[in-house]
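Numbering (my numbering), first residue to last: 2 to 419. Every residue gets a Cβ at the ideal spot worked out from N, C-alpha and C, and that includes glycine. The model shown is predicted, which means the values in this text are computed figures rather than measured ones.
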Amino acid sequence: MIKYRQHLLGLLSVRRSLLLTTVIVIALFFQLFTPKRTVLTAAGPEKPVRIETKDNSSPAVPVTLEKISTSLKRGSTLQALLLNTGISSSDTVSIIDALSPFLDLTRLKAGQEFEIYFDNKQVNRIIIPASIEKEIHVERLGEVSFKAEESLKELINYPMKKTLTVDSSLYGSAVNAGIPDSIIMDLIQLFSFDVDFQRDIHRGDKLSAVYELVYDEEGKIVDTGKIMEAELKTNGQDLKIYRFVTADGRSDYFNEEGHTIRKTLLKTPINGAYITSNYGMRINPFSGFTTMHKGVDFGAPRGTPIKASGDGTVVIAGYNGVYGNYLKLRHVNGYETLYAHQTSFARGIRRGSRVEQGQIIGYVGTTGMSTGPHLHYEVRYYGKQVNPSTVKFPPGRTLEGVELQLYKNQVRSYNASF
Ligand SMILES: [Zn+2]
């Protein structure tokens, strides 16, 4: 425990005296609110059993052992790798035997790492990092006899707070502030229900975020966790969002009043794009006539990922001369969205596919009637195109009663802690 506090101190090296209290509050807070992450995602519904090793993360390896770190080359096999390090063929056979219940050897990826320990030229132990929280250990039991077992690492989530003022771009400023990429993407996604990132973000806007970092037993950051709260001050609005686990066990984000921030559709289904043509009258680049442009065009480099604006079903994944490769998604409450001129669809996206909000569905291109790479995006309400930037989506879920009380308590304790 002490180790993690020190680690956090090191990371947040500002205003030490105040910080010490804050960190302790955070640590206590986290013991109260965050369940320990010991459950494996790949383990299915059954709770994985922690298998005890002599010491449960890095095994105590006598210093006399010689260590070779190696990784699987493309097109190679585990057998070849073991033989290449000088392991005898009989040991290789029994190691593979011992490993096979724990590791699907046909699905090993190029780059998979192996730490192989030798005792006097004879293999003694192999450690295989299988995921962030799991290692497979193989140990020699005797002459040509090996035992394999799983070792689960105990991972602990701690919150980290970052505050920044937007300089040239929100993304760049967030990177400079040291916010991990995946967290920046999530933040943009969470605020994009209310903020049009092309037009609403300006120099001087302020962002603060509290998010989890996942630490292993040695205090090393191994992953990012969830955003717990965030605040964006832009365009005269002060948007605050908080993560909350509702009674049905699902987590979602709410504003201070307890309204969900998830509206039906995202305003911007693409990151890092700029609007090249808005909804409304314009001169058609092909006919030269003034026509109604019934969508919004986002300029972006070819291959830029396109995200589903909302949860929905793919009703068209096809091609025509005007739209090129295009997808149409059906959402709740009579809404449909359309994404045209794609270079290709994302893997697995076809008619009938279910998609989640924010999921990548395809990539920007210039197929069909198009003068350059861009996404032509339409929102339709009961079949008629509407302006995506002004359409008012119905409000989603609102917390009530006991849940609202619990939520408000949590918000108060967050505000006091961070
Ligand atoms: Zn267009």
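By DSSP's assignment, T71 forms a beta bridge with F115.
Taking one beta carbon from each stretch, the region 226-238 and the region 265-275 have fewer than 3 pairs nearer than 8 Å; the two do not touch.
For the options P160, V365 and N388, the alpha carbon positioned closest to that of T338 is the one of N388. Remark: the C-beta of G296 is in contact range of ligand 1, defined as less than 7 Å to any heavy atom.
Uninterrupted beta strand (DSSP E) stretches at least 3 residues long and entirely within the region 243-271 occur at 252-255, given in chain order.
As for any alpha helix (DSSP H) of minimum length 4 sitting wholly inside the region 181-222, the runs are 182-192, ordered along the chain. Under the three-state reduction of DSSP, D120 is assigned to strand. Beta-bridge pairing by DSSP links F103 to no other residue. The closest heavy atom of ligand 1 lies 7 Å or more from the beta carbon of H203. Nearest neighbour of G259 by Cα position, chosen from V412, F198 and N279, turns out to be V412. Within 7 Å of the C-beta of H138 there is not a single heavy atom belonging to ligand 1. A buried status is given to N326, since no fewer than 16 other beta-carbon atoms sit within 10 Å of its beta-carbon. V315 places its beta carbon 8 Å or farther from that of R348. Distances from the CA of N321 to each of Q343, D92 and I133 were compared; the closest alpha carbon is that of Q343. DSSP places I133 in the coil class of the three-state scheme, outside both helix and strand.
In the structure shown, the three-state DSSP call for N326 is strand.
Short of 7 Å from the beta carbon of V145, and not among the five residues preceding or following it, lie these beta carbons of its own chain, in chain order: S91, D92 and S95. By the neighbour-count criterion, in which a residue is buried when 16 or more other Cβ atoms sit within 10 angstroms of its Cβ, S72 is exposed.
DSSP places D92 in the helix class (H, G or I) of the three-state scheme. Contact fails between the region 170-190 and the region 128-140, because fewer than three Cβ pairs, one in each stretch, are under 8 Å apart. For N410, the uninterrupted alpha helix (DSSP H) run begins and ends at G402 to S418, by DSSP. Inclusion of S278 in the 7 Å shell around ligand 1 follows from its C-beta lying nearer than that to a non-hydrogen atom of the ligand. Excluding five sequence positions before and after D120, the CB atoms of its chain that fall closer than 6 Å to its own CB belong to L66, given in chain order.
DSSP places A231 in the strand class (E or B) of the three-state scheme. Residue environment analysis places P102 among the exposed positions, since fewer than 16 neighbouring C-beta atoms fall within 10 angstroms of its C-beta. The shortest CA-to-CA distance from T261 to any of G112, K110 and E404 is the one to E404.
Counting along the chain, the unbroken beta strand (DSSP E) around Y336 starts and ends at Y336 to Q343. For ligand 1, no non-hydrogen atom lies closer than 7 Å to the CB of H260. Note that the C-beta distance between V365 and G304 is below 8 Å.
Inter-residue distance for S77 and A210 is about 44 Å (C-alpha atoms, whole angstroms). T86 and D217 have their C-alpha atoms some 29 Å from each other.
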